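Participant: Please read through the structure below; I'll follow up with questions.
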Amino acid sequence: MSTHPITGKQKAAASIALPYWISEIGLIRTAALTLLAAVTVSLTGVLLSEMQLRQSSQWQEQAQRTRDAAWSRYSQVELEKRDIRNFQRRFVALHRRGLVGDERRLEWLDAIRQTQEQLKLPPLSYEIEPQQAVHLATPVDLGEFQLYGSRVRLHMELVHELDLFNFLQTLRQYGYFAVQDCSVRRLAAGPGANNNHRPPKTQKKIKQKPPPPPPHPAPPPRGPPARPPPRPRLCPDPMQAIAILPFLH
57 MSTHPITGKQ
67 KAAASIALPY
77 WISEIGLIRT
87 AALTLLAAVT
97 VSLTGVLLSE
107 MQLRQSSQWQ
117 EQAQRTRDAA
127 WSRYSQVELE
137 KRDIRNFQRR
147 FVALHRRGLV
157 GDERRLEWLD
167 AIRQTQEQLK
177 LPPLSYEIEP
187 QQAVHLATPV
197 DLGEFQLYGS
207 RVRLHMELVH
217 ELDLFNFLQT
227 LRQYGYFAVQ
237 DCSVRRLAAG
247 PGANNNHRPP
257 KTQKKIKQKP
267 PPPPPHPAPP
277 PRGPPARPPP
287 RPRLCPDPMQ
297 AIAILPFLH
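So in the numbering used here, the last one in the sequence shown is 305, and the numbering has no gaps at all.
Structure, rendered in structure tokens:
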């Protein structure tokens, strides 16, 4: 037995036998490294392909949403074009008559004055209330529009009952309105009868100048008369009518 410590350890290490394949690792080391590199590159390619696939799917979904939105807008435009073709003439006609657009109070007053002068009616007065929203008893789909109305109260003196109907019929040519209420009463005969039913001073009046009297009797005209004969009166006394007309717009 050797008493030297270093010599004893070397002999113990030399006595341990290593596996036989350890000495052959050097033969496959290059192939193993190549395999490891190939696996690493393959996994990296698979991960990148998966990320690219997900990104491509997102792009495809976004493109489909954009296409669907564009198709929806195109369909909406086609529907609007069809509605314009179908309702353009009617819309223009309603706009010209004042049912669509801003309020036209000055045109209404001018229409009342022209109607009075055209029918040769006595002076009349009117009151216009503020504009208000109209609530219909039956629901109507108006879309983005809102129906408004302005109530007009007319005070008229009538010589014949048909003057009221002729006045309303002629006034319908200038705008849309509905007769909400109408009352007719007979005035007492006499020179002072009309003074008791004069409208308030705060009301606006439309006056008509009376025609001047002829200086001497005119000879009978030749040919058809220029004016129709006067209408027969159905009642002996003059009358006064009060009509409430909500103009729509």
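By construction, the Cβ of each residue, glycine as well, lies at the ideal position given by its N, Cα and C atoms.
Note that the structure is a prediction, hence the values are computed from the model and not measured.
In the stretch 70-137, which residue ranges form an unbroken alpha helix (DSSP H) of at least 4 residues, counting only runs that do not cross its ends?
Facilitator: Segments of the alpha helix (DSSP H) lying fully in the stretch 70-137: there are none.
Participant: On the DSSP bridge list, what partners appear for Y204?
Facilitator: Here residue 204 is taken as the residue at index 148 of the sequence shown, counted from 1. BP columns for Y204 point to A189.
Participant: Skipping 5 residues on each side, what residues in its chain have a beta carbon closer than 6 angstroms to that of R141?
Facilitator: Here residue 141 corresponds to residue number 85 of the sequence shown, with the count starting at 1. Within the same chain, R141 has no close Cβ partners at all.
Participant: Between the C-alpha atoms of G151 and L243, what's the straight-line distance to the nearest angstrom?
Facilitator: The sequence position of residue 151 within the sequence shown is 95, counting from 1. The sequence position of residue 243 within the sequence shown is 187, counting from 1. Per the sequence shown, residue 151 should be read as His rather than Gly. C-alpha separation (whole angstroms): 41 angstroms.
Participant: Nearest to A223 by CA position, among E173, R129, H191, V190, is which residue?
Facilitator: Translated into positions along the sequence shown, residue 223 becomes position 167. Sequence inspection shows Phe at residue 223; the Ala mentioned does not correspond to that position. Here the closest residue by C-alpha is E173.
Participant: Going by beta carbon distance, what residues of the same chain come within less than 7 angstroms of I184, once the five residues before and after it are set aside?
Facilitator: Walking along the sequence shown from the start, residue 184 turns up at place 128. Around I184: R161, S206, V208.
Participant: Residue range of the beta strand (DSSP E) that R241 falls in?
Facilitator: Here residue 241 is taken as the residue at index 185 of the sequence shown, counted from 1. Looking at the DSSP string, the run of the beta strand (DSSP E) that includes R241 is 237-242.
Participant: Where does G154 land, buried or exposed, given buried means 16+ other C-beta within 10 angstroms?
Facilitator: Within the sequence shown, numbered from 1, the residue matching residue 154 stands at position 98. Per the 10 Å Cβ criterion, buried.
Participant: Could you check where the alpha helix (DSSP H) with Q172 kicks off and where it finishes?
Facilitator: Here residue 172 corresponds to residue number 116 of the sequence shown, with the count starting at 1. First-last of the alpha helix (DSSP H) with Q172: 161-175.
Participant: Between which residues of its own chain and R85 is the CB-CB distance below 6 angstroms, once the five residues before and five after are set aside?
Facilitator: Walking along the sequence shown from the start, residue 85 turns up at place 29. Excluding sequence neighbours, R85 sits near nothing in its chain.
Participant: Since L227 and A167 should fall inside the 8 angstroms C-beta cutoff, what is the C-beta to C-beta distance between them, to a whole number of angstroms?
Facilitator: Locating residue 227 in the sequence shown gives position 171, where the first residue counts as 1. Locating residue 167 in the sequence shown gives position 111, where the first residue counts as 1. The pair is a contact, with the Cβ atoms about 6 angstroms apart (cut-off 8 angstroms).
Participant: Is K257 helix, strand or coil when you go by DSSP?
Facilitator: Working through the sequence shown from its first residue, we reach residue 257 at position 201. Below a pLDDT of 50, predicted positions are generally treated as unreliable, and K257, at 38, falls in that range; the measurement from the model is reported next regardless. Of the three classes helix, strand and coil, the one that applies to K257 here is coil, per DSSP.
Participant: Just to check my reading of the structure: H211 and S181 have Cβ atoms closer than 8 angstroms, yes? What is that Cβ distance to the nearest angstrom?
Facilitator: For the purposes of this step, residue 211 is taken as the residue at position 155 of the sequence shown. For the purposes of this step, residue 181 is taken as the residue at position 125 of the sequence shown. About 5 angstroms; that satisfies the 8 angstroms criterion.
Participant: State the Cα-Cα distance for the pair L177 and Q236, rounded to the nearest angstrom.
Facilitator: Translated into positions along the sequence shown, residue 177 becomes position 121. Translated into positions along the sequence shown, residue 236 becomes position 180. Their Cα atoms are separated by approximately 22 angstroms.
Participant: Counting contacts by CB-CB distance shorter than 7 angstroms, is G199 in contact with chain D?
Facilitator: Of the chains in the structure shown, none is chain D; there is only one protein chain.
Participant: Where does the unbroken alpha helix (DSSP H) through L155 begin, and where does it stop?
Facilitator: The residue given as residue 155 occupies position 99 in the sequence shown. Neither: L155 is in no alpha helix (DSSP H) and is coded neither H nor E.
Participant: Could you give the first and the last residue of the continuous alpha helix (DSSP H) run that contains T226?
Facilitator: Counting from 1 along the sequence shown, the entry for residue 226 is found at position 170. Run containing T226: 218-227, per the alpha helix (DSSP H) assignment.
Participant: Evaluate L104 with the Cβ neighbour count: other Cβ atoms within 10 Å of its Cβ, from every protein chain shown; 16 or more gives buried, anything less gives exposed.
Facilitator: Here residue 104 refers to the residue found at position 48 when the sequence shown is read from its first residue. Looking at its Cβ environment, which holds fewer than 16 other Cβ atoms inside 10 Å, L104 is exposed.
Participant: Is it true that the CB of A189 sits closer than 7 angstroms to the CB of Y204?
Facilitator: Within the sequence shown, the letter at position 148 stands for residue 204. Within the sequence shown, the letter at position 133 stands for residue 189. Yes, these two residues count as a Cβ contact at 7 angstroms.
Participant: Beta-carbon within less than 7 angstroms of S98's beta-carbon, same chain only, minus the 5 sequence neighbours each way: which residues are those?
Facilitator: Looking up residue 98 in the sequence shown gives position 42. Closer than 7 angstroms at the Cβ level, and outside the excluded window around S98, lies no residue.
Participant: Quick check: the Cα distance between S239 and H191, rounded to an integer number of angstroms?
Facilitator: Within the sequence shown, numbered from 1, the residue matching residue 239 stands at position 183. Within the sequence shown, numbered from 1, the residue matching residue 191 stands at position 135. Each residue's alpha carbon lies about 24 angstroms from the other.
Participant: Identify every residue that forms a DSSP beta bridge with F147.
Facilitator: Here residue 147 corresponds to residue number 91 of the sequence shown, with the count starting at 1. Looking at the DSSP assignment, F147 forms no beta bridge with any residue, so it has no partner.
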